[in-house]
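2 protein chains.
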Amino acid sequence: MKMTEAKDKFIQTWGSLGTLWGINKAMAQIHALLLISPEPLSMEDIMEELHISRGNTSMNLRQLIDWGIVFKASKAGERKEYFTSEKDINELARQIARERSRREIQPTLKVLKEVSNIEDDGSAETKEFIKQTKALYELADTADAILNRIANQESNWLTKTFIKLLK
Amino acid sequence: MKMTEAKDKFIQTWGSLGTLWGINKAMAQIHALLLISPEPLSMEDIMEELHISRGNTSMNLRQLIDWGIVFKASKAGERKEYFTSEKDINELARQIARERSRREIQPTLKVLKEVSNIEDDGSAETKEFIKQTKALYELADTADAILNRIANQESNWLTKTFIKLLK
DNA sequence: TTAAACTTTCAAAAATTATTGAAAGTTTAA
DNA sequence: TTAAACTTTCAATAATTTTTGAAAGTTTAA
């Protein structure tokens, strides 16, 4: 496979993978592009490379910055803004873990705690509801703890952990 | 909070959470409903409870069955089919881990392996591409190994693991 | 058999989400 | 200041995904 082909394939794959995980295609593709660019890219560069509009590029870049995985990079003497992504893949994983915990798991935990706390009227329906929502709470809580653990550890924690788990 | 309110809130929340993860609302809601039902439900029951059409119910039930987290349950002497979900939350987690590995991580690994294997022509662009796609491969591989570990272990592995990680 | 009871399929419609592009906004060099 | 260079916003449009509902398909009791 040639570089151009490989690059296209990678960007395409990352794009559809994003969709599968609730991240939109353009956002995932911009991220993929920045991830493999040795140099920061301008908005023009990104628009051209991915064939997307200025507005689309601008909005998705903002979201990536919100997620903390893309940064603005000013080039000396240039007015234009450049963008670069987090290049350390472990740091990327940590940042994603951090954000998914904050955006998804925490709000879910809140609701599960709330609904599992209804008064037990003794009916089979209520008993099952309480039992299952409590079990889900525990599962989500464990998942959250693991994510936080990932989010806060040193760079190669994930790999080390896995090695430990194999033992 | 009253039972009816709590139930609605739980089903709603599970529905939007699904959307966020690339699972459609109806599918997530059907799953939520079955998860908290002490008795198996018929298609009519589900349609009525969630206000969704017969076709929608049928298709999403099939998907849930495909995922291995909902089962057909025949009631003696009844022609109608009933449906019930996996009630053991740890088993649910394992099944989801299994499917996400199979459906998402494995195909990604395949592409990453492929594209990271291009010939190094010595350019900065190619070098960065190879480096980053290899690093992503390792991350995805670790994630996959963890998922498989979850998928294959005994019921409360997840909890135990977490306790171990705390030490 | 057949017909009633039930489920699945799928084309059309509705709902949602993503994208565009031009106008409005902002920043900076002169 | 101002005007050029650039970015952001947002209403309109396009693309995608979900949902519906009725027709086709299947199963079972008699």
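Sequence lines, in order, name chains Y and S. Residues in the first sequence are numbered from 1 upward in steps of one, following the working numbering. Residues in the second sequence are numbered from 168 upward in steps of one, following the working numbering. Cβ coordinates follow ideal geometry from the N, Cα and C atoms, glycine included.
query: Along the chain, where does the alpha helix (DSSP H) that runs through A240/S open and close?
result: From DSSP, A240/S is part of no alpha helix (DSSP H) but of the beta strand (DSSP E) over 237 to 241.
query: Mapping DSSP to helix, strand and coil, what is K167/Y?
result: Reliability fails at K167/Y, whose pLDDT of 46 lies under 50, so the model's placement of it is uncertain and the value that follows must be treated cautiously. Reduced to three states, the DSSP call for K167/Y is coil.
query: At a Cβ threshold of 9 Å, is F238/S touching chain Y?
result: no
query: The beta strand (DSSP E) with E81/Y in it runs from where to where?
result: 81 to 85
- request: Mark R270/S as exposed unless 16 or more other C-beta atoms lie within 10 angstroms of its C-beta, in which case mark it buried.
  value: exposed
field: E211/S, buried or exposed, once every other Cβ within 10 Å from all chains shown has been counted against 16
entry: exposed
query: Hey, how far is the Cα of V237/S from the Cα of L259/S?
result: 10 Å
task: Let me know the secondary structure DSSP gives S183/S once reduced to three states.
output: helix
field: Cα-Cα separation between D88/Y and T13/Y, rounded to whole angstroms
entry: 20 Å
- prompt: Leaving out five residues before and five after G185/S in sequence, what residues of the same chain have Cβ atoms less than 7 Å from its Cβ?
  reply: N191, K192, M194, A195
query: Using 9 Å as the limit for Cβ to Cβ distance, is E215/S near chain Y?
result: no
- request: Take A151/Y and list the residues in its own chain whose beta-carbon comes closer than 7 Å to its own, dropping the five residues that flank it on each side.
  value: R94, A97, R98, S101
message: I'd like to confirm the pairing. Which residues does DSSP put opposite L41/Y in its beta bridges?
response: F83/Y
field: At least 3 beta-carbon pairs within less than 8 Å: the stretch 195 to 210 of chain S vs the stretch 121 to 140 of chain Y
entry: yes
- request: Establish whether the CB of P40/Y and some CB of chain S are separated by less than 9 Å.
  value: no
task: Just the chain Y side, please: which residues come within less than 8 Å of W234/S by C-beta, in chain order?
output: Simply none; closest approach about 14 Å.
query: Residues in the stretch 70 to 97 of chain Y with C-beta within 9 Å of chain S's C-beta atoms, listed in sequence order?
result: K87, D88, I89, N90, L92, A93
field: Spatial neighbours of Q63/Y in its chain, beta-carbon cut-off 7 Å, leaving aside the 5 residues before and after
entry: M27
- request: Express the C-alpha separation of I213/S and M226/S in angstroms, rounding to a whole number.
  value: 13 Å
query: For the alpha helix (DSSP H) that M27/Y lies in, which residues bound it at each end?
result: 25 to 36
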